[in-house]
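Enquirer: Chains as they are written, first to last, in the working numbering: chain A, 1 to 677; chain B, 1001 to 1094.
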Amino acid sequence: MNDPFFRRLLRYYGLYTAGFIAFLAVVALLEHEGMPRELIGYLFVFVTILLYAGIGVLSRTSDVAEYYVAGRRIPAMFNGMATAADWMSAATFISLAGGLYMMGFDGLAYIVGWTGGYCLIAFLIGPYLNKFGQYTIPDFLAARYGGTDSGRLVRTLAVIATVLVSFTYVVAQIYGVGLIVSRFTGVDFSIGIFLGLASVLVCSFLGGMRAVTWTQVAQYIVIVIAYMTPVVWLSVKHTGGAIPQFSYSTALAKLSEREQELNRDPAELEVRALFRQRATEYQARADALPRSWEQGLQEAKNEVERLKRNGASLAELKAAARAVAQYPATPEEARIQWLEARDANLARAAPIAPHAKPFPGETEQASDIRRNNFLALVLCLMMGTAALPHILVRFYTSPNVQQARSSVLWTLLFVMLLYASVPALAVLVKIDIYGSLVGTRFSELPDWVAYWANIDKASPLVAITDLNRDGIVQLAEMVMEGDIVLLATPEIAGLPYVISGLIAAGGLAAALSTADGLLLTISNALSHDVYYKSVRPETSSQKRLTISKLLLLVVALIAAYVASLKPGDILSMVGAAFSLASSALFPALVLGVFWARANHAGAVAGMLSGFAVCVYYMVTTYPALGGSSASQWFHIDPISAGVFGVPTGFLAIVVVSLLTRAPDRGSMLMVQAIRQP
Amino acid sequence: MDSARHRNDPDSPRGRRYWRATRRLTAGLLLAWFVATFGVLFFARELSEITLFGWPFSFYMAAQGLTLFYLLLVAVYVVLMRIFDHAMEEDAHE
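(1) In whole angstroms, what separates the C-alpha of A/L15 from that of A/L512?
(2) Need the endpoints of the alpha helix (DSSP H) that A/M607 sits in, please.
(3) In terms of residue numbering, what span does the beta strand (DSSP E) encompassing A/I464 cover?
(4) Rounding to the nearest angstrom, what Cα-Cα distance links A/G681 and A/E268 in this structure?
(5) Does the count of Cβ pairs from the stretch 382-397 of chain A and the stretch 67-79 of chain A closer than 8 Å reach three?
(6) Taking B/G1054 as the query, report the chain A residues whose CB atoms sit under 9 Å from its CB, ordered along the chain.
(7) Check whether the stretch 1020-1033 of chain B touches the stretch 631-638 of chain A, counting contact only when three or more Cβ pairs, one atom from each stretch, lie closer than 8 Å.
(8) Please confirm if B/V1078 has its CB atom under 8 Å from at least one CB of chain A.
(9) Below 8 Å CB to CB, which residues in the same chain sit around B/D1002 once its five sequence neighbours on both sides are set aside?
(10) For A/Y622 and A/L580, what's the separation of their Cα atoms in angstroms?
(11) What does B/F1042 reach in chain A if we use C-beta pairs closer than 8 Å?
(12) Anything in the stretch 1059-1078 of chain B with a Cβ closer than 7 Å to a Cβ of chain A? List those residues in chain order, please.
(13) Measuring CA to CA, which of A/R144, A/I137 and A/A556 is closest to A/M161?
(14) Could you check how far apart the C-beta atoms of A/T115 and A/V415 are, in whole angstroms? I think they sit under 8 Å.
(15) Identify, in the order they occur along the chain, each residue of the same chain with its Cβ nearer than 6 Å to the Cβ of A/V562, setting aside the five sequence neighbours on each side.
(16) Given that a residue counts as buried once 16 or more other Cβ atoms are within 10 Å of its Cβ, and exposed if not, what is B/H1006?
(17) Beta carbon of A/K131: closer than 7 Å to some heavy atom of the ligand GDP?
(18) Mind checking the stretch 460-478 of chain A against chain B and listing, in chain order, the residues whose C-beta falls within less than 9 Å of any C-beta there?
(19) On the premise that A/Q219 lies in contact with A/A509, defined as a C-beta separation below 8 Å, what is that separation, rounded to the nearest angstrom?
(20) Taking CB distances under 8 Å as the criterion, tell me whether B/F1057 reaches chain A.
(21) Between A/G517 and A/D149, is the Cβ-Cβ spacing less than 8 Å?
(22) Let me see if you follow: with CB-CB separation under 8 Å, is B/G1015 close to chain A or not?
(23) Within its chain, find whatever has a CB closer than 8 Å to the CB of A/V163; leave out the 5 residues flanking it on each side and keep chain order.
(24) Taking A/L688 as the query, report the chain B residues whose CB atoms sit under 8 Å from its CB, ordered along the chain.
(25) For the stretch 14-48 of chain A, list every residue whose C-beta sits within 8 Å of some C-beta in chain B, in sequence order.
(26) Report back the beta-carbon spacing between A/L552 and A/S182 to the nearest angstrom; my notes put them in contact at under 8 Å.
(27) For A/L467, does the three-state DSSP call read helix, strand or coil?
(28) A/Y42 to A/L428, Cα distance in whole Å?
(29) Return no unless some Cβ of chain A is closer than 8 Å to the Cβ of B/R1005.
(30) For the stretch 1050-1068 of chain B against the stretch 220-237 of chain A, are there 3 or more C-beta pairs whose distance is under 8 Å?
(31) I want to verify the contact list: residues of chain A whose CB lies under 9 Å from the CB of B/D1085, in sequence order.
(32) In or out: A/Q474 buried (at least 16 other Cβ within 10 Å) or exposed?
(33) Identify, in the order they occur along the chain, each residue of the same chain with its Cβ nearer than 7 Å to the Cβ of A/S609, setting aside the five sequence neighbours on each side.
(34) Could you give the distance in angstroms between the alpha-carbon of A/D287 and the alpha-carbon of A/R348?
(35) Excluding the five sequence neighbours on either side, which residues of its own chain have a C-beta within less than 8 Å of the C-beta of A/I55, listed in chain order?
(36) Determine, using beta carbons only, whether B/R1045 comes closer than 8 Å to chain A.
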């Protein structure tokens, strides 16, 4: 701790934090003087991006060790901050609170899984990677499972897994950047993407891991300030305590009371009855197929004719014409659509499930299935965390193994700071919505509802319709996207707009820091492992760096292009990245350290079979990939496919290793070396 | 740095002692990690009847208790491993 490098870093980042807070104060003052909203959004987005770019330029380097592993001299505390920023993605920052709001107890699987995974990193993988002391994850696996081809096959498999996992992840981050920039500054989504891309590139292009590390530390500070400010404010408002982690138990009790009240409220019951009635109607129509399909089509066409005759307004005509155009093309399609509509209406007719109740289900069996899925998801997220290449490479950057272990501790502490307040935020916002918004007159709706309902007209973040026409908002009349919980928090809490700008900056920092780490991991896997280690081992270090940087540019452009297509499927696959990473890499990494007998053939078999089982399960059970939930094993959701992939991988490594020759002397020596301090 | 690494002969008795201690510690902490996580979560429905400082126990554990426990486990690991490392260094100087 007395090291001058560490003290200098503390001073720099202390100044930086003070500067950022001063910037906040200045913008708050300007807002008070009447600066418009858009300008505040612009200011936050551009000032922070410029800041990160500045750090990136200052940390430029042309040294191989600096570029790949930041010179292996990052002190544990700063490595912890950088890893935490690397770890917390756009999804964590923007969507996690919303997820917990929607799912209640069952959403906590993400909190448990994403923190418990650090135990696995600390005990099983991180410190040993540091002792090994090379550059990438494929490096480790190739050296450990050398075999006759000096590890080329293992390296290739590891590269494929790394690139596949990291690429889906990075596309989601860049998508997140586009979303944040467009929501807060009003510029077009694709411009937002390329803006974010430019800033990611400035950070990683010139300085590689070194620049990424120092910007990630800066981004972590922004993320924490941005998240904690509204949570603390809401906590003071609802519980009187400034530390939400301690004080929201009273809020939770208040919420439970309010939930019971709403479940008895006659107006709520009325709205739910309306939904039940609609569900019955859809059921009846589906039962009367195919006759009901012809009838419906005829009615829709008649409606257009009638409107035309009566000289209805253009908007009405358009709506009627759209109804005809969107009418199911065949009776079979109609059945699927109507049954879906029935289920959607039934879901909205259901009473509120208590927020803190674990595994709510109508029957004991349904509840058991939810519990099993919860456990499976927790396990997959933990093992996936411990196998994500962009997190693991950060442990190469510590100067020694003691520091690497401490970095895991710091990382977990910094991650916890934020994760422990996410469930608090969900509860506090829920109280506000259930307590104040529900029961308001439609004529007196707060401004934020209209603002966020109009920001994205195609898929509005929030929609409230007066279904029973009593002029008062009922909970059952609201539809919300999870993301709104965080995005609108400052307005729900009645905070000035400057806090919304701060949230934009925080979300941007979360997305950019993760994208930085991921892009670097992908391009390093391609340049270091494919080009240098497999194709041209004689390349000079200067040329290696040039190729790394070129590949970084190419990968970033491809990722931005894919993100600009708004691929819904890829985004929903991000959760699956954890299962894929764990199935392909986790068994090989762990046994590589703890079971000296594991050999080349075993590792190849384990990686291939684990990955294959995971992909097979996802393809056969995931509706978006053409599977159906009927083929699930033990009713486990596709997102948790890792619970089948990982055991398969372990089993394959053990069986195949025992059936083939023991690893050669080189591998043995390596195992023994990494096991010693 | 490399010479320091190879100074410790893994086949020596003290090298083996070090690795045995590491393995035991790892196994013990993993067991604690597993039992705490899946014990609490498996019985979450039953445990939510209990309240702790005004929280339903299982909600508290899932929302922050387990995370705190993980932090504790990693802290124990960091401290004990440092002690093992020092013991190894001292052995080497004898």
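Positions of the beta carbon are idealized from the N, C-alpha and C atoms, including for glycine.
Keep in mind it's a predicted model, so treat the numbers as computed, not measured.
Expert: In this structure, then:
(1) Translated into the one-based positions of the first sequence, residue 15 of chain A becomes position 15. Translated into the one-based positions of the first sequence, residue 512 of chain A becomes position 512. Rounded to the nearest angstrom, the two C-alpha atoms are 22 Å apart.
(2) Looking up residue 607 of chain A in the first sequence gives position 607. H600 to T621 is the extent of the alpha helix (DSSP H) around A/M607.
(3) In the first sequence, counting from the first residue as 1, residue 464 of chain A sits at position 464. Per DSSP, A/I464 belongs to the beta strand (DSSP E) from V462 to I464.
(4) Residue 681 of chain A lies beyond the stretch modelled for chain A, which goes from 1 to 677, so this question has no answer here.
(5) yes
(6) Locating residue 1054 of chain B in the second sequence gives position 54, counting from the first residue. Those are S249, T250, L252 and A253, listed as they occur along chain A.
(7) no
(8) Locating residue 1078 of chain B in the second sequence gives position 78, where the first residue counts as 1. Chain A contact via Cβ: present.
(9) If you number the second sequence from 1, residue 1002 of chain B lands on position 2. Residue placement at B/D1002 is poorly supported in this model, since its pLDDT is 41, which falls under 50; the coordinates still yield a value, given next. Taken in chain order, the list of residues that qualify is empty.
(10) Along the first sequence, one-based indexing puts residue 622 of chain A at 622. Along the first sequence, one-based indexing puts residue 580 of chain A at 580. Taking the straight line joining both Cα atoms gives about 14 Å.
(11) Along the second sequence, one-based indexing puts residue 1042 of chain B at 42. In chain order: R371 and L375.
(12) F1059, A1062, A1063, Q1064, L1066, T1067, Y1070, L1071, L1073, V1074, A1075, Y1077 and V1078
(13) The sequence position of residue 161 of chain A within the first sequence is 161, counting from 1. The question names Met, but residue 161 of chain A is Ala in the sequence shown. Closest by alpha carbon: A/I137.
(14) Along the first sequence, one-based indexing puts residue 115 of chain A at 115. Along the first sequence, one-based indexing puts residue 415 of chain A at 415. About 6 Å separates the two Cβ atoms, so the contact holds.
(15) Stepping through the first sequence from its first residue, residue 562 of chain A is reached at position 562. Taken in chain order, the residues that qualify are V171.
(16) Here the question's residue 1006 of chain B lines up with position 6 in the second sequence. Note that B/H1006 scores 45 on pLDDT, short of 50, meaning its location in the model is unreliable and no value can be drawn from it.
(17) Looking for the ligand GDP in the displayed structure turns up nothing, as the structure carries no ligands at all.
(18) none
(19) Reading the first sequence from its first residue, position 509 is the one you call residue 509 of chain A. Reading the first sequence from its first residue, position 219 is the one you call residue 219 of chain A. Indeed, because the Cβ distance is near 4 Å, the residues count as touching under 8 Å.
(20) Locating residue 1057 of chain B in the second sequence gives position 57, counting from the first residue. Judged by the 8 Å Cβ criterion, B/F1057 is not in contact with chain A.
(21) For this step, residue 517 of chain A is matched to residue 517 along the first sequence. For this step, residue 149 of chain A is matched to residue 149 along the first sequence. Cβ distance not < 8 Å, so A/G517 and A/D149 don't count as in contact.
(22) Counted from its first residue, the second sequence places residue 1015 of chain B at position 15. Yes, because at least one Cβ of chain A sits closer than 8 Å to the Cβ of B/G1015.
(23) Taking the first residue of the first sequence as position 1, residue 163 of chain A is located at position 163. Excluding positions up to five away in sequence, the list reads I522, A525 and L526.
(24) Examination of residue 688 of chain A is not possible in this model, given that chain A is present from 1 through 677 alone.
(25) none
(26) Against the first sequence, residue 552 of chain A aligns to sequence position 552. Against the first sequence, residue 182 of chain A aligns to sequence position 182. Wrong, their Cβ atoms sit about 25 Å apart, outside the cutoff.
(27) The sequence position of residue 467 of chain A within the first sequence is 467, counting from 1. A/L467 falls in the coil class under three-state DSSP.
(28) To locate residue 42 of chain A, count along the first sequence from 1; it is residue 42. To locate residue 428 of chain A, count along the first sequence from 1; it is residue 428. Going from the Cα of A/Y42 to the Cα of A/L428 covers about 29 Å.
(29) Translated into positions along the second sequence, residue 1005 of chain B becomes position 5. Since pLDDT at B/R1005 reaches only 44, below the 50 mark, its modelled position is unreliable, and no value is offered.
(30) no
(31) Locating residue 1085 of chain B in the second sequence gives position 85, counting from the first residue. Ordered by position in chain A, the residues that pass the 9 Å Cβ test against B/D1085 are V401, Q402 and P677.
(32) Position 474 of the first sequence, counted from the first residue, corresponds to residue 474 of chain A. Burial call: buried.
(33) Within the first sequence, numbered from 1, the residue matching residue 609 of chain A stands at position 609. These residues qualify, in order along the chain: T648, G649 and A652.
(34) The count along the first sequence starts at 1 and reaches residue 287 of chain A at position 287. The count along the first sequence starts at 1 and reaches residue 348 of chain A at position 348. C-alpha separation (whole angstroms): 21 Å.
(35) Residue mapping note: residue 55 of chain A aligns to position 55 of the first sequence, counting from 1. Cβ within range, chain order: C203, A211, W214, T215 and A218.
(36) As a position in the second sequence, residue 1045 of chain B is number 45, starting the count at 1. B/R1045 counts as touching chain A.
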